[in-house]
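Participant: Protein chains in written order, with the numbering used here: chain C, 68 to 559; chain E, 68 to 559; chain H, 68 to 559; chain Y, 68 to 559.
A virtual CB, placed ideally from N, CA and C, is assigned to each residue, including glycine.
There are 4 protein chains.
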Amino acid sequence: MNEIHEECGVFGIWSAEKKHIAHICAAGLTALQYRGQEAAGIAVNEDRNIRYHKAQGLVSEVFPADELERMGEGNIAVGHVRYATTGESSALNAQPMVVKHIKGQLALCHNGNLTNSSRLKKELELKGCIFHTTSDTEVISYIITRKRLQKPSIETALEAAMEEIKGAYSLVLMSPAKLMACRDPLGMRPLVYGVTSDGSVVFASESCALDAVGAKLVRDVEPGEIVVCDGEGIRSIRTHCRKQKPKLCIFEYIYFSRPDSVIEGVCVHDTRIKAGEFLAKRHPAKADVVIGVPDSGLDAALGFASESGIPYGIGLIKNKYIGRTFIAPEQSLRESLVRQKMGAIPSVLEGKSVVLVDDSIVRGTTSARIVKMIREAGAREVHMRISSPPFLNPCYYGTDVDSRENLIAVHHTNEEICGMIGADSLGFLSVEDARRLATGVRYRYGHKGCEGSGAEPDNGGCPGGGFRGGIDTEDPESFCAACFDGKYPVGD
Amino acid sequence: MNEIHEECGVFGIWSAEKKHIAHICAAGLTALQYRGQEAAGIAVNEDRNIRYHKAQGLVSEVFPADELERMGEGNIAVGHVRYATTGESSALNAQPMVVKHIKGQLALCHNGNLTNSSRLKKELELKGCIFHTTSDTEVISYIITRKRLQKPSIETALEAAMEEIKGAYSLVLMSPAKLMACRDPLGMRPLVYGVTSDGSVVFASESCALDAVGAKLVRDVEPGEIVVCDGEGIRSIRTHCRKQKPKLCIFEYIYFSRPDSVIEGVCVHDTRIKAGEFLAKRHPAKADVVIGVPDSGLDAALGFASESGIPYGIGLIKNKYIGRTFIAPEQSLRESLVRQKMGAIPSVLEGKSVVLVDDSIVRGTTSARIVKMIREAGAREVHMRISSPPFLNPCYYGTDVDSRENLIAVHHTNEEICGMIGADSLGFLSVEDARRLATGVRYRYGHKGCEGSGAEPDNGGCPGGGFRGGIDTEDPESFCAACFDGKYPVGD
Amino acid sequence: MNEIHEECGVFGIWSAEKKHIAHICAAGLTALQYRGQEAAGIAVNEDRNIRYHKAQGLVSEVFPADELERMGEGNIAVGHVRYATTGESSALNAQPMVVKHIKGQLALCHNGNLTNSSRLKKELELKGCIFHTTSDTEVISYIITRKRLQKPSIETALEAAMEEIKGAYSLVLMSPAKLMACRDPLGMRPLVYGVTSDGSVVFASESCALDAVGAKLVRDVEPGEIVVCDGEGIRSIRTHCRKQKPKLCIFEYIYFSRPDSVIEGVCVHDTRIKAGEFLAKRHPAKADVVIGVPDSGLDAALGFASESGIPYGIGLIKNKYIGRTFIAPEQSLRESLVRQKMGAIPSVLEGKSVVLVDDSIVRGTTSARIVKMIREAGAREVHMRISSPPFLNPCYYGTDVDSRENLIAVHHTNEEICGMIGADSLGFLSVEDARRLATGVRYRYGHKGCEGSGAEPDNGGCPGGGFRGGIDTEDPESFCAACFDGKYPVGD
Amino acid sequence: MNEIHEECGVFGIWSAEKKHIAHICAAGLTALQYRGQEAAGIAVNEDRNIRYHKAQGLVSEVFPADELERMGEGNIAVGHVRYATTGESSALNAQPMVVKHIKGQLALCHNGNLTNSSRLKKELELKGCIFHTTSDTEVISYIITRKRLQKPSIETALEAAMEEIKGAYSLVLMSPAKLMACRDPLGMRPLVYGVTSDGSVVFASESCALDAVGAKLVRDVEPGEIVVCDGEGIRSIRTHCRKQKPKLCIFEYIYFSRPDSVIEGVCVHDTRIKAGEFLAKRHPAKADVVIGVPDSGLDAALGFASESGIPYGIGLIKNKYIGRTFIAPEQSLRESLVRQKMGAIPSVLEGKSVVLVDDSIVRGTTSARIVKMIREAGAREVHMRISSPPFLNPCYYGTDVDSRENLIAVHHTNEEICGMIGADSLGFLSVEDARRLATGVRYRYGHKGCEGSGAEPDNGGCPGGGFRGGIDTEDPESFCAACFDGKYPVGD
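(1) Against chain Y, with Cβ distances strictly below 7 Å, would residue 193/C count as a contact?
(2) For residue 359/Y, tell me which candidate among 460/Y, 105/Y, 438/Y, 122/Y has the shortest Cα-Cα distance.
(3) The stretch 198 to 225 of chain Y: which residues have C-beta closer than 7 Å to a C-beta of chain C, in chain order?
(4) Alpha carbon to alpha carbon, what distance is there between residue 136/C and residue 136/H?
(5) I need the straight-line Cα distance from residue 383/Y to residue 101/Y, nearest angstrom please.
(6) Starting from residue 622/H, follow the alpha helix (DSSP H) in both directions and report where the run begins and ends.
(7) For residue 229/Y versus residue 314/Y, is the C-beta spacing smaller than 7 Å?
(8) Inspect the beta-carbon positions of residue 350/C and residue 486/C and report whether they are closer than 7 Å.
(9) Please report how far the alpha carbon of residue 454/H lies from the alpha carbon of residue 424/H, in whole angstroms.
(10) Find the nearest neighbour of residue 422/C within the set 113/C, 266/C, 376/C, judged by alpha-carbon distance.
(11) Where residue 364/Y and residue 110/H are concerned, what is the direct C-alpha to C-alpha distance, given to the nearest angstrom?
(12) To the nearest angstrom, how far is it from the Cα of residue 459/Y to the Cα of residue 474/Y?
(13) Any beta-carbon of chain Y closer than 7 Å to the one on residue 150/H?
(14) Terminal residues of the continuous beta strand (DSSP E) containing residue 452/E?
(15) Can you find a C-beta in chain E that's less than 7 Å from the C-beta of residue 184/C?
(16) When you compare the CB positions of residue 247/C and residue 295/C, do they come within less than 7 Å of one another, or not?
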């Protein structure tokens with residue numbers, strides 16, 4: 068029952084022939100919807116002319132059938148889902164950001180967060196730039212389009228812009244003639260590409276979006292890589308690649324990404340199973356049943372169960388129809404809030420010692436309510452296991468990990484937290500284990516050979532023999548875990 | 068991935084003191100939302116004056132914060148969620164149905180379906196009655212209010228009305244001064260009641276709605292029983308009780324009800340675990356992993372796994388953000404439809420022999436698409452197991468089991484269906500096993516003693532020593548399984 | 068700037084061939100929109116099957132293009148616009164009321180108000196009838212459909228029903244095969260019929276709606292007359308005709324009807340011109356200019372000007388974009404409320420003695436604000452002339468004349484009111500003159516001969532030589548002026 | 068029944084104390100609504116922090132009560148109504164445009180059209196500027212904010228910007244601390260300012276908006292003048308004043324502005340009366356009655372009547388409930404389209420020779436339909452008089468006069484047009500008369516002395532003795548009539 072939010076999901080598609088490309092984009096974005104539910108947008112390129120629509124709401128709300136129809140046909144499209152940070156400017160900050168510059172239009176979708184945007188913004192303003200939004204994306208738009216004044220192409224402008232922008236960014240961009248994608252040199256946010264059976268090229272934050280549109284995963288965009296796709300084919304710019312050790316956000320494996328996504332060749336589901344196994348080893352418990360808090364605690368619960376030999380059970384049911392929770396004027400309702408979101412199955416819990424696995428503890432309030440509900444359903448003991456380390460630091464790279472004052476682990480010991488949430492015991496995943504979640508997994512996507520085929524960027528080919536992602540997931544240092552250990556990889 | 072729909076959920080609450088009762092009603096209805104997603108309505112009784120609002124949409128859509136606020140305070144309320152059967156009249160047929168008759172107002176919520184409504188309607192029309200809707204509920208309103216002309220109270224009018232109406236019905240009714248609930252003599256649809264810590268009495272289709280509003284389950288309303296609640300306390304009318312063998316809809320256990328609900332003392336989850344166990348015994352398979360189709364196949368998959376010893380796995384992920392599916396103009400999208408709804412986890416499936424457990428097969432199309440997806444994720448073998456018997460007959464008691472021509476099992480053998488869905492083997496639950504799903508379950512709700520307390524209807528007290536539901540769930544004949552075996556318990 | 072509201076407008080059309088009849092109905096209702104702005108509805112009959120849609124809002128809001136499209140084709144349709152009286156039940160009480168009875172469906176649109184509906188309702192409830200709405204229309208539905216049990220046809224049932232219902236009613240009804248219209252024996256509310264060039268028959272509250280759909284006015288439906296239109300042609304039932312002296316609501320001429328409508332052969336505009344002339348004779352004033360309060364005071368101002376010889380001027384401009392007025396938190400805005408609705412033209416008013424003509428004074432507040440605005444624009448003197456008599460009594464026949472306690476004229480003399488509104492002099496139309504507004508008008512619609520043609524009801528033909536309406540507009544006793552003089556024509 | 072649209076209305080208010088300023092702004096914009104109905108927006112300045120909301124729709128739709136509430140309090144606000152030119156970008160181009168630059172925020176409202184915006188845009192793009200919209204307003208934002216880098220204040224930046232931008236512009240701007248208004252050196256679009264009794268300063272496109280918020284008109288902003296209002300008081304910058312002969316758009320008097328507005332001391336209503344008088348002199352007619360096409364032809368009709376001595380009549384009634392016209396599938400409805408918008412009063416027209424006064428003829432189609440309706444209501448003769456000259460040229464200064472190919476007068480002689488619209492005679496206002504509409508009017512606003520008071524800009528005081536507007540309305544050369552005579556005052 069995680070309360071940390073990713074801020075965005077990005078999607079892009081290039082097709083040799085004109086089609087109802089907004090429909091495909093919407094399907095891809097719906098697969099990425101859990102990465103951002105506040106706003107959605109799609110831009111379609113028809114004969115070098117870019118049309119777009121974006122608004123607050125879920126993809127299905129922003130793009131009902133008639134709106135998709137209005138988007139018409141095209142052969143390139145980009146789309147975005149957004150978890151808005153704050154207040155009034157959210158509608159405004161919806162993406163794609165579409166701007167007109169001296170060379171034409173540019174549509175830009177961004178997942179991540181720049182660390183030097185304040186400085187860049189000030190420099191730009193001093194040069195007479197004006198800003199319509201408060202988003203980093205507008206800063207990026209300026210940097211790229213201003214570089215374009217000196218550079219011969221949009222992709223070389225992007226290459227130059229990457230010299231200036233710092234922080235986490237996975238971008239999908241569309242110019243009148245090209246679809247591009249790039250990932251920051253540290254590869255902090257995921258970005259993959261795939262191809263469909265009819266040769267369309269698809270970029271997405273996660274591979275689950277490729278599956279949703281019938282595309283096959285080719286590989287991850289490499290940290291620092293720019294992939295360009297146009298009538299001439301698909302090609303890579305690798306100037307910014309492999310100059311730094313990558314720092315993929317470890318929380319993508321732990322929570323953000325969908326379990327059926329494959330990131331850097333590793334199935335997200337497997338890393339969560341592994342988290343459960345680590346927990347079972349480090350924090351064993353005598354119990355009758357292991358249950359997970361749906362949906363994000365289920366994988367780790369299964370891992371805990373298989374490692375410990377304690378039976379896996381389904382003890383909590385999530386009510387998927389819960390909308391925005393009522394600001395209930397009745398005290399009784401406020402108290403039963405967590406019961407409106409989830410139901411406990413008494414037959415599984417009554418009289419049992421229960422291992423309860425959840426993905427994280429932020430403020431502790433929700434955990435306390437769940438433990439209480441489990442006990443009221445008759446559980447004798449509740450052993451809480453958390454498949455992530457305690458949050459100790461804010462994130463500057465595009466997630467909304469709270470400020471330190473609200474993080475329970477900053478102010479309390481493990482024992483105190485255990486008491487506060489009312490559990491009989493409490494165990495967190497260690498940071499060391501977190502860094503090893505993708506280590507030694509038996510299954511590796513694409514291990515039978517390169518899936519890339521002819522659509523593979525020509526200058527980045529697949530050297531054969533197994534999946535070649537840009538990140539060595541066996542290396543614990545390949546990950547950013549700053550929210551847990553404070554080691555921030557990028558400065559301002 | 069069931070495609071059979073329940074048509075309704077009902078909820079009612081009586082409180083000694085005036086409060087924001089519509090908020091509580093909305094919380095209860097949200098817990099019952101999966102029983103009907105097309106329309107929702109709430110009627111509130113404030114000082115004998117009934118106000119109501121109903122419309123098409125989810126509870127959260129029909130009752131946003133300001134609408135709930137407008138409903139004001141009251142001390143009785145009833146509510147309804149509806150799965151509309153067809154077309155244009157759906158908004159009209161939303162409930163509660165609120166009518167004015169000679170003795171005042173009556174608000175009525177109905178789950179079920181009458182079998183003699185056409186005849187009753189005609190008789191009423193011959194007496195000069197007019198109908199605004201096409202729903203049974205209006206027929207019931209007429210029968211009750213016309214009986215009220217001869218009877219001294221609304222509850223005795225209801226008692227008399229029950230002589231005339233045939234079929235399945237669980238009703239929650241509100242008059243200016245009373246809250247009532249009744250269940251047809253066969254008890255075909257579930258109906259429970261509970262109490263809150265402050266003494267409010269709550270009726271609901273299922274106990275999960277009691278949990279959601281912080282009420283404790285007392286017991287099921289007995290088949291044929293009328294429970295009346297007003298300033299005088301709570302009391303029962305049992306004239307229609309125990310004259311016939313009950314016939315609870317077996318599909319409530321198999322699919323309709325929420326796993327965390329307790330029906331007739333039996334946890335719904337347990338019956339589905341048992342369905343999986345039956346399947347493992349009758350239709351074993353050599354396999355590496357057992358996975359369930361989310362959400363409704365998960366329990367049975369866990370039962371199959373535990374009985375067979377084959378490991379339970381999580382192999383499919385449901386996308387909860389799928390709205391109404393796009394009528395996709397692109398062929399590729401239409402083909403990937405099931406992939407937009409669910410994602411397959413390759414690491415769990417690749418190279419494996421998989422037991423795939425789902426709750427039902429209606430037309431077979433969806434099953435074929437899921438099997439295909441499982442295979443494309445790399446599964447070597449797919450053994451399909453269905454936790455219900457084949458559908459062979461339409462339902463006349465309030466669910467939308469399709470007409471015979473669309474039921475795949477009417478026209479095809481087990482082998483043919485197996486081939487059509489592309490599975491390596493296929494096994495259905497037998498009707499006999501279906502009738503025994505609630506047999507011999509170790510856990511019985513309230514087994515420690517009667518939970519009833521003072522709120523228990525005075526003339527229906529709890530004889531002590533264990534839960535006293537009206538239905539003997541150990542008896543295979545206590546259930547209606549007409550959609551499977553054609554034995555219809557009620558005629559016209 | 069009248070604040071009295073008519074409660075309804077009705078429309079019906081019968082066409083030999085199937086067409087997009089809802090569009091025509093919507094056009095007709097839009098012409099009648101000023102008679103009711105709260106709710107709108109249309110029912111379409113396609114092959115004896117009645118479909119309908121109704122909701123709160125203007126015709127253009129309730130029936131956007133796609134909604135009209137959804138209504139499909141048909142060959143009969145009825146429609147209604149409503150000014151809702153009070154509160155929550157307004158959506159519910161929208162019309163047409165469509166009910167099913169033993170002989171099929173009936174769709175009913177009603178303009179007026181029954182005076183014996185409480186008694187009828189009670190009698191019906193005693194016979195076991197239930198009511199879904201609080202409107203008279205449901206009572207009428209019952210009476211007609213219950214008569215239908217004994218009578219051979221819907222029109223004879225209607226004929227019999229008219230024996231029982233008392234009060235003001237102009238009805239347009241649709242059965243599976245017929246379109247009918249009838250008017251109460253006193254003819255209190257207007258109702259006309261016309262034909263289109265392709266032979267369609269159209270009924271409407273006012274002739275302006277015929278013009279809007281390209282139909283030609285044939286004549287008024289006679290007080291007490293039933294006109295029936297079906298495949299057999301058009302025919303009249305006159306059982307209830309000419310048994311009582313008609314009592315047409317005089318306020319239809321004074322305010323409710325549109326100036327371009329012709330009622331009983333008299334142009335509404337002409338009666339208002341006449342009102343102005345009467346005022347000029349009875350209450351002359353020395354002034355520089357005569358201006359009317361837009362829109363409803365303009366005609367009478369023109370009449371006053373021509374009779375008095377004082378120049379007519381345009382001194383006030385209405386802002387047609389005023390929606391619902393802001394509940395303004397700023398005092399300054401509340402004070403300028405009338406200035407938001409209307410603007411004064413300084414060049415017409417500055418330094419002038421002004422005759423200001425309005426249609427009525429209800430509470431006096433608005434008049435006071437307008438007079439103040441005229442003075443602030445520089446007027447030297449303001450002589451207020453009101454083209455209706457003072458309101459002294461409530462109306463029970465379908466308009467919302469306020470209860471006596473709110474009517475300024477009940478509590479104050481002419482002189483007091485003049486002081487309260489800040490005018491230099493004040494003159495009301497006398498009741499005697501009001502009853503003579505349609506007397507002696509030079510122009511009479513259809514005076515050249517009967518317009519009826521073949522579409523004229525066979526048993527009600529046109530005796531030749533001029534328009535034959537059912538009401539002698541030359542007779543001052545042909546009108547109801549109860550709100551002015553308290554002579555109520557119909558009891559309970 | 069004019070079909071030429073103004074593109075915008077602007078409004079701004081500065082108050083010493085914080086108040087619900089958005090409500091006032093909305094009231095002012097509603098008064099200006101007829102200048103633009105497609106989009107509306109308001110920006111509020113609360114403690115130097117600018118909040119805004121804008122969307123497509125009428126003011127009352129974009130700003131319902133709760134939206135105004137959300138705008139909160141503030142002491143400066145600016146607002147805009149817009150008639151969108153074309154298609155998809157309309158929502159985007161809504162104003163105020165609010166941008167952030169190096170010195171803070173700037174909110175900008177613009178009425179008019181630049182003639183050199185393409186060139187400016189290209190130059191800006193070459194300097195690395197990006198554009199989010201297609202509107203001139205964004206160009207103006209850039210020019211001002213870039214000047215601000217060199218200039219000591221926002222008003223001096225605006226002063227410098229006015230050197231570069233060419234064309235028609237009336238601007239209202241808000242910085243964190245100041246409210247400003249300016250008018251292009253030719254004064255092509257109107258702009259006035261006024262004060263309220265509590266000392267608030269108000270700017271608006273027309274004085275009718277001052278009236279609506281209870282403000283008193285001080286005077287017009289002078290062509291080329293910048294008026295600045297902040298805590299220090301109100302002051303003028305007149306660098307760009309009186310260097311060129313002003314060229315006020317003559318169509319503001321003829322059609323755009325509201326009749327109750329005072330522009331350059333002349334009441335708009337008076338100029339239209341005069342247009343009617345000119346027509347009566349140049350194109351007399353023998354007729355029984357003079358009627359105007361509502362609403363914009365009424366004033367001129369009254370002028371024609373008084374000059375000719377032919378009685379003024381009300382012969383056409385506008386239906387104010389007409390929304391967007393139905394795209395009617397029925398031929399009969401399409402033919403009666405104009406009848407849905409307007410009704411003809413038969414008693415006024417039958418057998419009469421009618422002078423019909425309208426404000427303009429663009430394509431001729433509407434005029435033809437109206438003439439036909441007048442004839443069908445029985446008119447014997449129809450003499451059409453048009454209170455503007457024939458349109459012969461497109462407008463580049465902010466109105467949507469059609470391209471030449473659609474202007475009927477470009478292709479046809481007066482006689483041909485008369486035949487095409489089916490009139491018996493036709494007369495247009497001459498260009499010479501059009502230029503003299505504000506000449507010699509007896510009434511001059513503020514003629515008794517300067518209304519300015521202390522709120523008057525300190526360096527622009529009122530030299531006493533009558534209203535001092537910046538434009539000599541007695542001089543026929545003070546106006547732009549390019550759409551009639553092709554003399555375009557400003558180049559690119």
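Facilitator: Reading off the structure:
(1) Position 126 of the first sequence holds residue 193/C. Output row for residue 193/C: interface = yes.
(2) For this step, residue 359/Y is matched to residue 292 along the fourth sequence. Comparing alpha-carbon positions, the option among 460/Y, 105/Y, 438/Y, 122/Y lying closest to residue 359/Y turns out to be 438/Y.
(3) Against chain C - using a Cβ distance shorter than 7 Å - the residues of the stretch 198 to 225 of chain Y are 198, 199, 208, 209, 212, 213, 216.
(4) Taking the third sequence and counting its residues from 1, the one referred to as residue 136/H is at position 69. Taking the first sequence and counting its residues from 1, the one referred to as residue 136/C is at position 69. Each residue's CA atom was taken as its position, placing residue 136/H and residue 136/C some 18 Å apart.
(5) If you number the fourth sequence from 1, residue 383/Y lands on position 316. If you number the fourth sequence from 1, residue 101/Y lands on position 34. Approximately 20 Å between the Cα atoms of the pair.
(6) Within the shown structure, residues of chain H are numbered from 68 to 559, placing residue 622/H beyond reach of any answer.
(7) Position 162 of the fourth sequence holds residue 229/Y. Position 247 of the fourth sequence holds residue 314/Y. It is not a contact, given that the beta carbons lie outside the stated cut-off.
(8) Taking the first residue of the first sequence as position 1, residue 350/C is located at position 283. Taking the first residue of the first sequence as position 1, residue 486/C is located at position 419. One thing to note: residue 350/C has its Cβ no nearer than 7 Å to the Cβ of residue 486/C.
(9) Translated into positions along the third sequence, residue 454/H becomes position 387. Translated into positions along the third sequence, residue 424/H becomes position 357. Between the alpha carbons of residue 454/H and residue 424/H lies a distance of about 7 Å.
(10) Residue numbering aside, residue 422/C sits at position 355 when the first sequence is read from its first letter. Here the closest residue by C-alpha is 376/C.
(11) Position 297 of the fourth sequence, counted from the start, is the residue given in the question as residue 364/Y. Position 43 of the third sequence, counted from the start, is the residue given in the question as residue 110/H. If you take the alpha carbons of residue 364/Y and residue 110/H, they lie about 38 Å apart.
(12) In the fourth sequence, residue 459/Y corresponds to position 392, counting from 1. In the fourth sequence, residue 474/Y corresponds to position 407, counting from 1. The straight-line gap from Cα to Cα measures roughly 7 Å.
(13) On the third sequence, position 83 is the one that residue 150/H refers to. Any Cβ of chain Y closer than 7 Å to the Cβ of residue 150/H would place that residue at the interface, and such an atom is absent.
(14) In the second sequence, counting from the first residue as 1, residue 452/E sits at position 385. Unbroken beta strand (DSSP E) run through residue 452/E: 448 to 453.
(15) For the purposes of this step, residue 184/C is taken as the residue at position 117 of the first sequence. Residue 184/C is outside the set of residues whose beta carbon lies under 7 Å from a beta carbon in chain E.
(16) The residue given as residue 247/C occupies position 180 in the first sequence. The residue given as residue 295/C occupies position 228 in the first sequence. In this structure, residue 247/C lies near residue 295/C, with their beta-carbon atoms less than 7 Å apart.
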